[in-house]
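Asker: Sequential numbering from 207 applies to the sequence shown in the working numbering.
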Amino acid sequence: MSAGLPRSHARRAAVQALYQALVNGQVLAQDELDFVTAENSDKMDKKYFLTLVEGVSKEIEVLDTELAFAVDRSLDSVDPVESSILRLAVYEFKHRPEVPYRVVLNEAVELAKSLGGEQGHKYVNGVLDKMGSKLRTAEYKSAKARRSKK
Numbered sequence: 207m208s209a210g211l212p213r214s215h216a217r218r219a220a221v222q223a224l225y226q227a228l229v230n231g232q233v234l235a236q237d238e239l240d241f242v243t244a245e246n247s248d249k250m251d252k253k254y255f256l257t258l259v260e261g262v263s264k265e266i267e268v269l270d271t272e273l274a275f276a277v278d279r280s281l282d283s284v285d286p287v288e289s290s291i292l293r294l295a296v297y298e299f300k301h302r303p304e305v306p307y308r309v310v311l312n313e314a315v316e317l318a319k320s321l322g323g324e325q326g327h328k329y330v331n332g333v334l335d336k337m338g339s340k341l342r343t344a345e346y347k348s349a350k351a352r353r354s355k356k
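Here you go:
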């Protein structure tokens, strides 16, 4: 995660909020969102944070259906932190075309390294690589072509 970038802090807080909602089995109330953002409120893009949390929360079933394409097991059996990261990244792939594919992927992998299980970042990377090929086809192919020329 890029230190000091407001959207990076927003993504981190969004993963924490989504994780909290997932393990508690409920939608987050405003006071819980305020608690999650309090630590980083001066560093983060709070509007982007709210967009991510609200967007993922509203579309969780659609995102899970999309993820079924790339996960090798039930999403319920994926670590809750990692599933929160995956949902967030797929939401960005689908709804934030101004955010480059590589940025979404790299930020998700960094979040998995810092918040997820020991090898979780490898799983997140593999799943999102497949999702990128499906949801951002042209951008994905272009990035692959550039890497193969190096």
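Where a beta carbon is used, it is the ideal one built from N, C-alpha and C, also for glycine. Predicted model only: the values in this text are computed from it and were never measured.
#1: Can you give the Cα-Cα distance for Val268 and Ile291, rounded to whole angstroms?
#2: Just mark His301 as buried or exposed, buried being the case when its beta carbon has 16 or more other beta carbons within 10 Å.
#3: For the alpha helix (DSSP H) containing Lys252, list its first residue and its last residue.
#4: Quick check on Val229: buried or exposed, where buried means 16 or more other Cβ atoms within 10 Å of its Cβ?
#5: What is the DSSP secondary structure of Ala344, reduced to helix, strand or coil?
#6: Which same chain residues, not among the five before or five after Leu341, have their C-beta less than 8 Å away from its C-beta?
#7: Give me the Cβ distance between Gly261 and Val287, rounded to the nearest whole Å; I'm assuming they're in contact under 8 Å.
#8: Would Arg353 be called buried (16 or more neighbouring beta carbons within 10 Å of its own) or exposed?
#9: Just to confirm, are Met337 and Ala276 a CB contact at a threshold of 8 Å?
#10: Residues in the same chain with beta-carbon distance under 8 Å from Lys264, minus the five sequence neighbours each way, listed in chain order, please.
#11: Which residue wins for smallest C-alpha separation from Asp251, given the options Arg217, Ser283, Gly231, Ile266?
#12: Do Arg308 and Ala349 have their CB atoms nearer than 8 Å?
#13: Please report the Cβ distance between Gly326 and Asp282, rounded to the nearest whole angstrom; I am assuming they are in contact, meaning their Cβ atoms lie under 8 Å.
#14: Alpha carbons only, please: which of Ala318, Lys355, Ser289, Asp248 is nearest the one belonging to Leu211?
#15: Roughly how far, in whole angstroms, is the beta-carbon of Ser214 from the beta-carbon of Glu304, given that I think they are within contact range, below 8 Å?
Answerer: Inspection of the coordinates gives the following:
#1: Rounded to whole angstroms, Val268 to Ile291 spans 15 Å at the Cα level.
#2: The residue in question, His301, is exposed, as its Cβ has fewer than 16 Cβ neighbours within 10 Å.
#3: Counting along the chain, the alpha helix (DSSP H) containing Lys252 begins and ends at 252–264.
#4: Here Val229 is exposed. Its C-beta has fewer than 16 other C-beta atoms within 10 Å.
#5: Ala344: helix per DSSP, three-state reduction.
#6: The beta carbon of Leu341 lies closer than 8 Å to those of Glu272, Val296, Phe299, Lys300 in the same chain, with the five residues before and after it left out.
#7: So it is not a contact: roughly 19 Å between Cβ atoms.
#8: Its Cβ having fewer than 16 others within 10 Å, Arg353 is exposed.
#9: One thing to note: Met337 has its Cβ within 8 Å of the Cβ of Ala276.
#10: Answer for Lys264: no residue qualifies.
#11: Here the closest residue by C-alpha is Arg217.
#12: Cβ atoms of Arg308 and Ala349: closer than 8 Å.
#13: The pair is not a contact, with the Cβ atoms about 16 Å apart (cut-off 8 Å).
#14: Closest option to Leu211, judged by alpha-carbon separation, among Ala318, Lys355, Ser289, Asp248: Asp248.
#15: The Cβ separation is near 16 Å, so there is no contact.
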